[in-house]
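Below you'll find the structure, written out as structure tokens, and then a few comments.
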Amino acid sequence: MAPEPAFLPQQAARPDPGKRHDALDLARRLPALALAARQAAASLQSGLHGRRRAGMGENFWQFRPFIAGEAAANVDWRRSARDDRLYVREREWEAAQVLWVWADLSASMNFRSNAALPSKLDRALILALALADSCARAGERTGWLGVTRLISARDIVDRIAVALIAEARRNGERFEDLPPALPLRPREKAVLIGDFLVEPSAFADLVQRLAAQGARGHALMVFDPVEQAFPFAGQTEFFDETGALLRAGRAEDFAAVFSGRLEAHRDSLTQAARAQGWTLSLHGTDRPAAEALLHLRLALTADGAR
Amino acid sequence: MSFFPLAFTAPWVLLALAGAPLLYLLLRVTPPPPQRVAFPPLKLILDQKKPDATPARTPLWLLLLRLVLAVLVVFAMAGPVFAPAGAPSAGKGPLLLLIDDFWTAAPDWSSRVGAVEARLEEAGRLGQPAAVLALSETAAPRLQEVSAALAQARAVAPKAFLPARAPALPKIAQFLNAHPTAHVVWLSDGLTGCDGEVFARELAVLAPEAEVLNDLRAVRALAGADNRAATMEVLLRRSAATGPAEGKIRAFDARGASLGEVGFTFAGLEAAAHFDLPTPLRNEIARLDIAFENSAGATFLLDAGARRRRVGLVSGGAVEQPFLSPLHYLRDALKPFADLREPKAGDPDAIAHLIDEGVDVLILADAQVGGPETREKLDAYLRSGGAILRFAGPRLAAGGDDFLPVRLRGGGRTLGGALSWDRPKPLAPFDETSPFFGLTPPAEATVSRQILAEPEEGLPAKTWARLADGTPLVTAEKRGSGSLILFHVSADANWSNLPLSGLFVDMLRKIVDRAGIVGKLGASGEAAAQSAAYLPPLRMLDGFGALVAPAATVKPLPGAGVVVPDGDHPAGLYGAPDAPRALNAASKETPLAPLDFAATGLKRTELAGPRPLDLRPPLLIAAFVLALADALATLLLGGRWRRRAGPALAGLALAVLFGAGPPPATAETPPSRAETVEKIPQADIDAALTTKLAYIVTGDARADRISREGLTSLSEVLSNRTALVPGAPRGVDPARDDLSFYPLIYWPIAPERPQPGAAVAKRIGAYMKQGGLVLFDTRDAGMQVEGGPRTPAQNWLRRFLADIDLPPLEPAPRDHVVNRTFYILDGFVGRTTGGPTYIEALPPETDAANRPVRAGDGVSPIIVASNDLAAAWAGNAYGEALYPLDPGGPRQREMALRAGVNIVMYTLTGNYKADQVHVHELLERLGH
């Protein structure tokens, strides 16, 4: 008999080397993720995305007339030789795109219904780290929302993990179930991964604040299969991570109510995200992680072009 | 317990029943515990909490079940015994069991053991000690614990002899003196043998209350076997004319192989059975027994005396030629029924050597007996039962010797020769005293020359056969226990044609058979020659009639004297392995008469009477079953039933139900018309009223979901962009659903799924013929390699389409009308872009140069795509792709949707767009 669905100990939330390895393994199966950007984030960091302005970069942007007093070395002699004026060759300002990732590490995530499945938290953490690694390899700058600053180093996964462990020490393993509502800068991107079993108004508020300056983002709602199917029957006592209890004489009576509530909850979250131009998708832990990662990539690359 | 046949060995345990009401209360307030389940989204339904969501009380049926369980356990612990009237009840004192462990008790030994066990168990329940005395044994009975007595009683086995019971009487008397209250039970074989009457009388005096246990079954025994000339006659006896009169006797050879069986029928107390087997086979018989009567008395062992004879052949002539030598005729005549022994050529002491080899019959064909040593040897041979058969011949005619039954006259006579008036003489019929009586001499067997016996006193008595004129032809004389036989003719065809006739063979057979019997009835062959010797035990019969290795207590059998087996010499085989002597348990003299217990005053009880029944095991089993039912009920109430074992168990139960239930009744009458109309499914009616897209339900859940999502998105796009407003797409099962309502059926190939049957292929073929279009999608563009092996999906599709009549296909050309029906496209993209799309081949181009589009007649019935179209179509309510595309991007999805729109338009409008290309030109003409 498989053990009953239960919450895992909080220590299981640590980004241990196993999870880091899983994340790297997942990320390296796919090419590096260059974020789509119609307009690259305002950043001094050099990167792939042309800002359509003259600046630091490698690609030709424009020739402009030489301004008196400028250093003579700036003159592009090949172009200037074609007529009587002097030209300076300008390159495009190529900047890196910014991606903020965040995964819900709270107690409600630390759950799996079946020992054969990963917990929601494991899945979310691995996806977030894999996404960060993919972006970092493409030269983008990535950070964990509210925990780290932006990093573009190759060992980004380890750095984020160290920062998360430090954060866990600081807060006594009690993570919030929503990220801090820091306003993101324009044209930055964010990916939030969690179960979002919160008040839809709180979620709407959060997205509104994050997107206040025009940042775009994507939310991935991770759920365990039993959280959707509700396969319970008979005399059952439900409890959640807060200790709330529900005794059901016939659990099957609750199935219809639950699925209606769940549908409504997901709808209101989707509406809240849509209102700010964000997107929200679903991912069950019984599906492969690569599928969710593909979805996220799809969302992040499609976003700019729309 | 006379008023009610139920007793308890530990009645005080029943007091525990008083606790049942307490148990009732306890069980009533302790319901089975609920399962505890962690459930993170609980806050979504937390407000649904009901105040009384758990049953506070155990359901009544579960309560009753548990109470019954408890009561059953209490009853079982109290040790209930069901003792019907007539069941044995032990007395107050210790139990003394007297057991007749003789072969007469062997056939029903198991029921005897059962009776002994029942008695001892009864004594054990009452806590009485017991003693066991087997009447063939010499040890005095000793009182012991029931378990030890039971072990001792189980070790008793029937013996293959009938000892005297009387020596046990003093021991019984001694025991009864020590334990005057003892209850005596005698398991008797019910026969008068073994001092039966004396013993019963004395026992009635010693213990008047003694009880006799036996049954009225007749004891059957094999009393003897007689290997006659043509058959083996087996003599059977029984103790009483009760029980089945018929039965079967089986014969086995020395290795235990069955040689045959014959039936017998008792008339009175005796019966005979005959084995009509060929002599060689009869000689092989080593053991006879009565089928299914397992006792030593029903087994009869046959020893060397009954076996095939050894015949030694000695010829007087030095040179042997076929057809001229007498031995030739003898050999041919004897071979079927005797072992032939001949001396080595040139053996000077041939006769002595043959006697040493143990021949039963020594044939001297015109051979002279040698010197004095040989004579002595022959003398001893005759005394020990050997038979000497002599044939006349020229040498014997020349001079006789001592070893002849009669004195011979010199010379002999010739009949029918050149100098004789007489004709050759035939044989006279045999006298009644002759061993040859019963044989008929053939008329053509004649004697032309013979030697003559000196007429003397007693010659007629010695004569076994004579010629028609009364001249003795075969004479014989008994010497010692052996016999001396003389044929007055030679063994070859010179003197008579008797050796050529069948009579010769019959006569020799009679002689040889008779010789064997002579040897057996006397002190048998070699044994008599060394009469002082003892025969070591070889194989012993046990009481059940099986041959076993001899026990250490068995003593060697004296050469003579012991004919009835006893404790020192039980029945079995004694002597050398190749010539054993059999000592049989039963014989004609064995006393087999029923004992009259009524006369002795002993109380007789039927052996197979009713037994007390211990009710503890059935009660405990019932309690166990109830405990299992309780466990199941707890699972059921706790909800684990449905979640874990439920589906499997329910399936099993259903399977059992359907398997065991009667076959479903089939409709006797055809359904009426109104019923037929009513039977059209609602889904078909909807499909007929609203045009909708359809997909085949493959059974692969993921593929089916993608099909549904993809066609839903495509239907939305169609209603947004075109005049077609399709209904919600429908999944169809090609084996059952009516396909004719759907213009287009999307069929994603799932190669892991089994092939649908030929019936499905037929229906799909019919659908294509009537104008439908099936859009197969192999979904494996990424796996297809140009010129490489076929992918599993392609193989699957090929196999499926093998039986369908299809038009030739070709990769869809760029200018095919399907690429022009709504949007102008270059090809069909889906989740992937590179894969080919096949469509019905167009007729060869004729004036293609100035036509931008080509079309055939009608619509292609089949399109085989490979780009996983549905996965690209599938989108959510916000128009975002549900599945990652390769290489990706919103434009790819848009192009995929356009391809879908084109296909649907092509399906619905056919080659209409191919004609539309002329519109421009027509308008121009109209304008001018």
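Residue numbers (my numbering), protein chains in the order written: chain A, 532 to 837; chain B, 2 to 929. In this text, a Cβ means the ideal position worked out from N, Cα and C, and glycines have one as well. On a predicted model such as this, the values are computed, not experimentally measured, just so you know.
- Among the residues of chain B, none has a CB under 7 Å from the CB of His-749(A); the nearest is roughly 10 Å distant.
- Inter-residue distance for Leu-121(B) and Ile-100(B) is about 13 Å (C-alpha atoms, whole angstroms).
- Where Asn-702(A) is concerned, the enclosing alpha helix (DSSP H) starts and stops at 687-702.
- If you draw a straight line from the Cα of Asp-778(B) to the Cα of Gln-807(A), it is about 38 Å long.
- Phe-763, Ala-764, Gly-765, Gln-766, Thr-767, Glu-768, Phe-769, Phe-770, Asp-771, Glu-772, Ala-775, Leu-777, Arg-778, Ala-779, Gly-780 and Ala-782: these are the residues of the region 763-784 of chain A whose beta carbon lies less than 7 Å from some beta carbon of chain B, given in chain order.
- Taken atom to atom, the span from the alpha-carbon of Leu-636(A) to that of Phe-706(A) is near 6 Å.
- Pro-406(B) sits close to Thr-476(B), with the two beta carbons spaced by under 7 Å.
- Between the region 476-489 of chain B and the region 382-402 of chain B, the count of Cβ pairs shorter than 8 Å is three or higher; the stretches touch.
- Taking a contact to require three or more Cβ pairs closer than 8 Å, the region 602-609 of chain B and the region 322-332 of chain B do not qualify as touching.
- Taking 7 Å as the CB threshold, Ser-732(A) stays off the interface with chain B.
- The Cβ atoms of Pro-581(B) and Ala-161(B) do not sit closer than 7 Å to each other.
- The DSSP assignment places complete beta strand (DSSP E) segments of no fewer than 3 residues inside the region 761-840 of chain B at 774-778 and 810-812, in order along the chain.
- Excluding sequence positions up to five before and after Arg-410(B), its CB lies within less than 8 Å of the CB of Ile-452, Leu-453, Ala-454 and Glu-455, all in the same chain and listed in chain order.
- In its chain, beyond the 5 residues on either side, Ile-173, Ala-174 and Leu-177 have a beta carbon closer than 7 Å to the beta carbon of Leu-207(B).
- Closest in C-alpha terms to Phe-829(B), from the list Arg-754(B), Gln-771(B) and Glu-895(B), comes Glu-895(B).
- For Asn-641(A), the closest alpha carbon among the candidates Trp-631(A), Arg-654(A), Phe-789(A) and Val-632(A) is that of Arg-654(A).
- The beta-bridge partner set that DSSP reports for Asp-736(A) is empty.
- Chain-order list of chain B residues neighbouring Ser-639(A): Pro-41, by C-beta distance under 7 Å.
- Taking a contact as a CB-CB distance under 8 Å, the pair Gly-261(B) and Leu-236(B) does not count as one, their CB atoms being some 18 Å apart.
- In this structure, the beta-carbon distance from Ala-586(B) to Trp-187(B) does not fall below 7 Å.
- The beta carbon of Trp-592(A) sits closer than 6 Å to the beta carbons of Ala-585, Glu-621, Arg-622 and Glu-623 from its chain, once the five residues preceding and following it are set aside; these are given in chain order.
- By the criterion of at least three beta-carbon pairs nearer than 8 Å, the region 763-781 of chain B is not in contact with the region 714-722 of chain B.
- When 8 Å is used as the limit between beta carbons, His-826(A) is near these residues of chain B: Pro-885, in chain order.
- Selection Arg-797(A), Gly-791(A) and Leu-662(A) evaluated against Ser-683(A) yields Leu-662(A) as nearest (Cα-Cα).
- Taking C-beta atoms as the reference points, Lys-378(B) and Ala-353(B) count as a pair closer than 7 Å.
- Interface with chain A (7 Å Cβ-Cβ cutoff): Lys-914(B) is excluded.
- Boundaries of the beta strand (DSSP E) harbouring Phe-594(A): 591-596, taken from the DSSP string.
- With at least 16 other beta carbons inside 10 angstroms of its own, Arg-450(B) counts as buried.
- Between Val-722(A) and Arg-672(A) a beta carbon distance of about 14 Å is seen, past the 8 Å cut, so the two are scored as non-contacting.
- Under DSSP, Phe-754(A) takes part in a beta bridge, and its partners are Gly-815(A).
- Residue environment analysis places Asp-48(B) among the exposed positions, since fewer than 16 neighbouring C-beta atoms fall within 10 angstroms of its C-beta.
- Taking C-alpha positions only, Ala-106(B) is separated from Ile-291(B) by approximately 15 Å.
- When DSSP states are grouped into helix, strand and coil, Phe-76(B) belongs to the helix group.
- With fewer than 16 neighbouring CB atoms inside 10 Å of its own CB, Gly-439(B) falls in the exposed class.
- Taking a Cβ-Cβ threshold of 8 Å, none of the residues of chain B is close to Asp-817(A); the smallest such distance is about 12 Å.
- In the structure shown, Phe-293(B) adopts coil according to DSSP, grouped into three states.
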